[in-house]
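Heads up: the sequence shown begins at 74 in our numbering, then just goes up one per residue.
By construction, the Cβ of each residue, glycine as well, lies at the ideal position given by its N, Cα and C atoms.
I have placed the structure first, in the form of structure tokens, so that the comments after it can refer back to it.
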Amino acid sequence: MKWTGVNELREAYLSFFESKGHLRHKSFPLVPQNDKSVLLINAGMTPLKKYFTGELEPPRRRMTTCQKCIRTPDIERVGITARHGTYFEMLGNFSFGDYFKKEAIPWAWEFVTKVIDLPVEKLWATIYEEDDEAFDIWTKDVGLSPDRIVRLGKEDNFWEHGSGPCGPCSEIYFDRGEEFGCGKPDCKPGCDCDRYMEFWNLVFTQFNNDGHNNYSRLSKPNIDTGMGLERLACIMQNVNNLFEVDTVRNIMKAAEKKAGVVYGTDPATDVSLRVITDHIRSTVFLISDGVVPSNEGRGYVLRRLLRRAARHGRLIGIRDSFLSDIAEVVAHENYSEYPELTEKIGYIKKIISIEEERFAATIDAGLVMLSEMTESARKAGSSVLSGADAFRLYDTFGFPVDITREVAKENGMTLDEDSFNKLMSEQKSRARAARANISGWSDASKNLVKGFEKTDFVGYENDECEAKVIGIIEDDESVISVNEGTFSVITDRTVFYGEGGGQVGDTGKITSDGAEITVINTLKTDGVFLHICRSEAGTLSVGDKVLLKIDAERRAAIRRNHTACHMLQAALRSVLGEHVEQAGSYVDDTRLRFDFTHYEALKEDELLKVENIVNGHILAAEEVRTEVMSLEDAKKTGAMALFGEKYGDKVRVVSVGDFSRELCGGTHLTNSSRAGLFKIISESSVAAGVRRIEATTGLGVLRLIAENEALISDTSKELKASVISELPRRAAALQAELRNAKKEIETLNGRLAASRTESIRNGARDVGGLRVIAVELKDGTPDMPRSICDEFKASDPLSVTVIATVSGDKLTFAASCGKDAVARGAHAGNILKRLSSVVGGGGGGRPDSASSGGKNPDKLNEALGIIPDIVQEMIK
Ligand SMILES: [Zn+2]
Ligand SMILES: [Zn+2]
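Set out below in structure tokens:
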């Protein structure tokens, strides 16, 4: 056995099975493709499930992969011990109804004993207790001594998930040596101690469980094996855990360097180093596979990992953003198998820095608040942090609950999980309700249409059709809030598009022999269309033959915007990258609105590029095709589907040339050129990581131009520019004029103040050698009295100055005394105090500077008149 690096081990395994006729396949993305049963790929066979079930045909009957996996059920345990990690890789070889045990077991043995040279005396195998077939292969074909084989029961060596394919397993163990053992005489694989380490599990899927534990043999059994790459590396490198394996250790070294600490010297520091090391690995691979931080699903997993890593960085003394630098090390260490990390490193670092900075802005305030919360809980004699507190931290500071829980734990407290979860789910349902309201459609509507046949929609090709009225519902306001005097009409068929898929409902007319009805909106639920109507003349009855006619001009505008919306999405993906995913859309006759995942505001040149691409495809006059096919077929064509959206068996695929292909039930153009022209109106943020573009097409662009022209023409008039081209020059000239005028005003004001100050100074009266000034200042600026007082105090040590101003029935006094005046007993504060006995109000201040108010303007002259006497008394 020779020391082997992680990257070399991976290569050795994959090329070995390649030599055994396996198709070597690159790791599938962490984000499951067309599989909503898991949030993230968490086992090597998960992306291959459909090959095992026969739902999809595999590219070859033998495959081998090294699969990226993320497991997050116990994020908080990660780091505390060295056993847990969120990110790991699984080596596996798979047979889809091809080879079976007779090949799988000897190959596994050949790999471990010949390729990586594990010493035979260290190896053990376990089998399912009833699997004599495996026992025979191990002993006869492989030649393993029977006393090295342990038979274990169903819970250990039988792979099963409810009903469906299942079967026995055989595991290969490595004996780490007596020093890891419990010392009991019967210690062997299956024992609870650390001596025997399982590292490879071979699953023989040979039965089908009918759900009642009746097992029948599969005609074509499968092989599914899994070996943790990092665990194997631990054996090959003779280290204790994944954090000591070469590539992982190198990542940790980068963190040590950043913090100026060394692993293995302090238990608390070690925890933080392990958290950072593990989480940054997950983070880099998640972002590379298109996940961006958000508050839901995969995005929230990423956010939790990033924020927990950021907090642990602080715990070991790193004050600045650092994770994006460590991301580079992750890319470097994984270059041989995942060169895409290096290709995307700029993007990956950017996402990490943005999230790090966003969190940095709140983490300190949040931690202060959290420590106040734990403190006050403790004072109240409780060791439980309330759910409301944890929720407030989440809501205000973006603290993932893991962090709150962890900090609480560090302080010897627990968290009231139930009440926190309750608040979280309340918030989620509020958000859901808000979304439901926007679509104007409530669950109650389902009752409304109960019993009606699904409406036959013929509006993709037609603007009008004949139909029969099959239901009329006088609207109950609690069900649909619409204008007074409206009612809903249900017909057997319709051309009216029912609001849905982000497209507004159609409007138009329903006419019969005796009635003319205006349709103000169309809704759809469970396949039944409701025409929301207002009667213009006459009445309708069930059974009436009617003519349905949509407002075709409005519909045409909607078509333009909807097709453009698809083109916009395709253009955004080509300009910004594949991480762009639809987060919402809205299309009506005046504009389109498209929300999508992206981490920052679009730059001007990016917007221009997007606009140019869409217009390029409009001018190229590309055919817009709509095809109905099975969901599987649609996905094979690479059509964009919405994550989390429910689709029926048959779906409609809308394509614009080869440029855009989406699943969509909306109404579209027949040719891209019919959009006319595409113009972006605005770009903005909707939520963290979600951007919104509003745009318009066709006549909407014309309207935009007209509006802009009106704006320009109004501006021209105001600026007295005779031709448009003169506008910038006029505006610049006016700005310059304004600047000059302001300057002039400043100069004049300064001069005015100086001359006024001069005349005030000239009005000083001599009182025992002091120069006493007591005047009312009319129409000065509000800060003038104060500045005059200050100036006199500074320039004339013998001055005593009181300046009064009147505003309405309010008096204000400012007063000051020069240095020598104060030395002789003058006191500005006391002077004003004395005045208040005359004018009311109050005030005072220091000997050299004071201010006060008064209420009696009539008494102002009297007050000013007694000031010389007051001063005289003071200096006696
Ligand atoms: Zn033991
Ligand atoms: Zn659409």
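Around the CB of K422, 16 or more other CB atoms lie within 10 Å, so the residue is classed as buried. With fewer than 16 other Cβ atoms from the protein chains shown falling within 10 Å of its own Cβ, H285 counts as exposed. By the Cβ test, the stretch 315-329 is not in contact with the stretch 272-288, since fewer than three Cβ pairs between them sit closer than 8 Å. Taking the C-beta atoms as reference points, A643 is found nearer than 8 Å to F732. Counting along the chain, M325 sits inside the alpha helix (DSSP H) bounded by residues 319-332.
Spanning the alpha carbons of E705 and L675 requires a straight line of approximately 34 Å. The beta carbons of V879 and L933 sit about 7 Å from each other, so the pair counts as a contact at 8 Å.
Counting only runs of at least 4 residues, the stretch 848-911 fully encloses the following alpha helix (DSSP H) elements, listed from N- to C-terminal order: 857-868, 892-896. The beta-carbon distance between F272 and I245, rounded to whole angstroms, is 6 Å. This is short enough to meet the 8 Å contact definition.
If only complete runs of 3 or more residues are kept, the stretch 147-209 shows the beta strand (DSSP E) at 160-168, 196-201, in order along the chain.
No Cβ-Cβ contact shorter than 8 Å links V727 with T710. Relative to ligand 1, the beta carbon of C139 is positioned no closer than 7 Å to any heavy atom. Ligand 1 has no heavy atom closer than 7 Å to the beta-carbon of R221.
Between A899 and C890, the CB-CB gap stays under 8 Å. Between the stretch 371-388 and the stretch 351-362 there are three or more inter-stretch CB-CB distances shorter than 8 Å, so the stretches are counted as touching.
Sequence-distant partners of G574 (beyond 5 residues in either direction) whose C-beta falls short of 7 Å from its own C-beta, in its chain, are C737, G738, G739. Residue environment: R478 is assigned as buried (16 or more neighbouring CB atoms within 10 Å of its CB, all protein chains considered).
In this structure, V357 sits near V403, with a CB-CB distance shorter than 8 Å. A Cβ-Cβ contact shorter than 8 Å links L665 with A768. At a cut-off of 7 Å, the beta-carbon of G254 counts as near ligand 1: some heavy atom of the ligand is closer than that.
With contacts defined as CB atoms closer than 8 Å, K174 and I210 qualify as a contacting pair.
Secondary structure at L933: helix, using DSSP grouped into helix, strand and coil.
Collapsing the DSSP output to three states places H95 in coil. Around the beta carbon of H671, a 10 Å sphere encloses 16 or more other beta carbons of the protein chains shown; the residue is thus reported as buried.
One thing to note: M118 has its Cβ within 8 Å of the Cβ of G165. CA-to-CA, the gap between G773 and I391 works out to about 53 Å.
When DSSP assignments are scanned along the stretch 558-597, the uninterrupted stretches of beta strand (DSSP E) that are 3 or more residues long and fall wholly within it turn out to be 559-564, 581-584.
With the rule of 3 Cβ pairs closer than 8 Å, the stretch 650-665 does not count as touching the stretch 608-621.
Rounded to whole angstroms, L302 and A116 show a C-alpha spacing of 12 Å. Here the alpha carbon of A625 sits roughly 6 Å from the alpha carbon of D536. Around the beta carbon of R633, a 10 Å sphere encloses 16 or more other beta carbons of the protein chains shown; the residue is thus reported as buried. Pairing K816 with R859, the inter-Cα distance amounts to about 23 Å. W76 counts as exposed, since fewer than 16 other C-beta atoms from the protein chains shown sit within 10 angstroms of its C-beta. I833 places its beta carbon 8 Å or farther from that of I818. Nearest C-alpha to G237 among T770, N295, L488: N295.
Taking the Cα positions, P930 is about 21 Å away from I861.
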